[in-house]
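Under our numbering, the residue at position 133 of the sequence shown is numbered 134, and the numbers go up by one with no gaps.
Every residue gets a Cβ at the ideal spot worked out from N, C-alpha and C, and that includes glycine.
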Amino acid sequence: MESMQDIDFLNEYRDRLIKYINSIDVNTILKVSKFLLDRIKEGKKIFIVGNGGSLATAIHFAEDLMLNNNLKSRVFHLSNQSSVTAIANDFQYEDIFLKQLENAMDDGDVLITISCSGLSNNLIKAIEYANTIGYTVSISGFHGGYTKRHSDYNIHVRTEVGDYEATEDLQLMICHMIVSLIKYLSGK
2 MESMQDIDFL
12 NEYRDRLIKY
22 INSIDVNTIL
32 KVSKFLLDRI
42 KEGKKIFIVG
52 NGGSLATAIH
62 FAEDLMLNNN
72 LKSRVFHLSN
82 QSSVTAIAND
92 FQYEDIFLKQ
102 LENAMDDGDV
112 LITISCSGLS
122 NNLIKAIEYA
132 NTIGYTVSIS
142 GFHGGYTKRH
152 SDYNIHVRTE
162 VGDYEATEDL
172 QLMICHMIVS
182 LIKYLSGK
């Protein structure tokens, strides 16, 4: 049997999501979507990374971007377990994305990072490298961290620090908005 406290908790979570959604700058989502569509049309590669729940979103986003438009898309998530664990073992965990980018990223390619805090060292190293040869896009939560300040484009979800569930919910929503707009703009 549901209690009023349970219902109140769920209502509060829903209301928090609505508040966060209303803080999202849709003009930035439009700019990022058009930027990514242009890179796809140019045949550039797009790499997407994240940690934890954000990595799950990165994988989902990569698959959606690759499959949901009328264009030949070269989109990759850098989450292969064999690659990640080999790099972590042979080098260090902070290099799990950097080493893959060093081997695959070319001039003008794009790195997208998805992170709640924007402070993970493996993402910082990836952005530092990507900024030397290509473009960077970040989808960040909380205060945005390094990824917000050092990306060419940032979509910031202004969530409370520590509100991982809501942040990750909204990051996936933003990814779906980008995919839907690219699909619309490419005529699919």
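Bridge partners - residue i, DSSP secondary structure assignment
{"i": "Leu-112", "result": "Phe-48 and Thr-137"}
{"i": "Val-253", "result": "Residue 253 cannot be examined here, being either before or after the span of the chain that is shown, 2 to 189."}
Option in the options with minimal Cα separation from residue i
{"i": "Ser-84", "options": "Leu-99, Leu-68, Ser-181 and Glu-13", "result": "Leu-99"}
{"i": "Cys-117", "options": "Gln-82, Thr-160, Ala-87 and Ile-19", "result": "Thr-160"}
{"i": "Asp-110", "options": "Ile-156, Val-180, Glu-166 and Tyr-136", "result": "Tyr-136"}
{"i": "Met-106", "options": "Asn-132, Val-33, Ser-187 and Met-174", "result": "Asn-132"}
{"i": "Lys-184", "options": "Lys-46, Leu-31, Asn-71 and Glu-43", "result": "Asn-71"}
{"i": "Asp-153", "options": "Asp-164, Gly-163, Ser-141 and Val-162", "result": "Ser-141"}
{"i": "Ser-181", "options": "Ser-34, Ser-139, Tyr-94 and Leu-171", "result": "Ser-34"}
{"i": "Asp-42", "options": "Glu-166, Asp-96, Val-76 and Ala-167", "result": "Reading off the sequence, residue 42 comes out as Lys, not Asp. Looking at the Cα atoms, Val-76 is the closest of the given residues."}
{"i": "Leu-102", "options": "Ser-80, Ser-121 and Asp-91", "result": "Ser-80"}
{"i": "His-151", "options": "Ala-87, Gly-44, Lys-126 and Tyr-165", "result": "Lys-126"}
{"i": "Gly-54", "options": "Tyr-165, Lys-189 and Gly-188", "result": "Tyr-165"}
{"i": "Lys-189", "options": "Ile-134, Ile-156, Lys-73 and Asp-96", "result": "Lys-73"}
{"i": "Asp-108", "options": "Phe-143, Thr-86 and Arg-40", "result": "Arg-40"}
{"i": "Lys-45", "options": "Cys-176, Glu-169 and Leu-112", "result": "Leu-112"}
Buried or exposed (CB count within 10 angstroms, at least 16 for buried), residue i
{"i": "Ser-24", "result": "exposed"}
{"i": "Ala-59", "result": "buried"}
{"i": "Gln-6", "result": "exposed"}
{"i": "Ala-167", "result": "buried"}
{"i": "Glu-129", "result": "exposed"}
{"i": "Phe-143", "result": "buried"}
{"i": "Ile-19", "result": "exposed"}
{"i": "Glu-169", "result": "buried"}
9 Å Cβ cutoff met for residue i and residue j
{"i": "Thr-148", "j": "Ile-49", "result": "no"}
{"i": "Leu-186", "j": "Leu-66", "result": "no"}
{"i": "Gly-146", "j": "Gly-163", "result": "no"}
{"i": "Val-158", "j": "Phe-36", "result": "no"}
{"i": "Gly-51", "j": "Leu-124", "result": "yes"}
{"i": "Met-178", "j": "Ile-47", "result": "no"}
{"i": "Ile-8", "j": "Met-174", "result": "no"}
{"i": "His-78", "j": "Ala-89", "result": "no"}
{"i": "Glu-190", "j": "Asn-69", "result": "With the chain running from 2 to 189 in the structure shown, residue 190 is simply not present."}
{"i": "Asp-16", "j": "Ile-156", "result": "no"}
Closer than 8 Å: residue i CB and nearest the ligand MN heavy atom
{"i": "Ala-131", "result": "Summarising the ligand content, the structure contains no ligands, and the ligand MN is consequently not present."}
Legend entry - In chain order, each beta strand (DSSP E) run of at least 3 residues that lies wholly inside the region 134-186: Taking only runs of at least 3 residues, the beta strand (DSSP E) segments lying wholly in the region 134-186 are 136-141 and 154-157.
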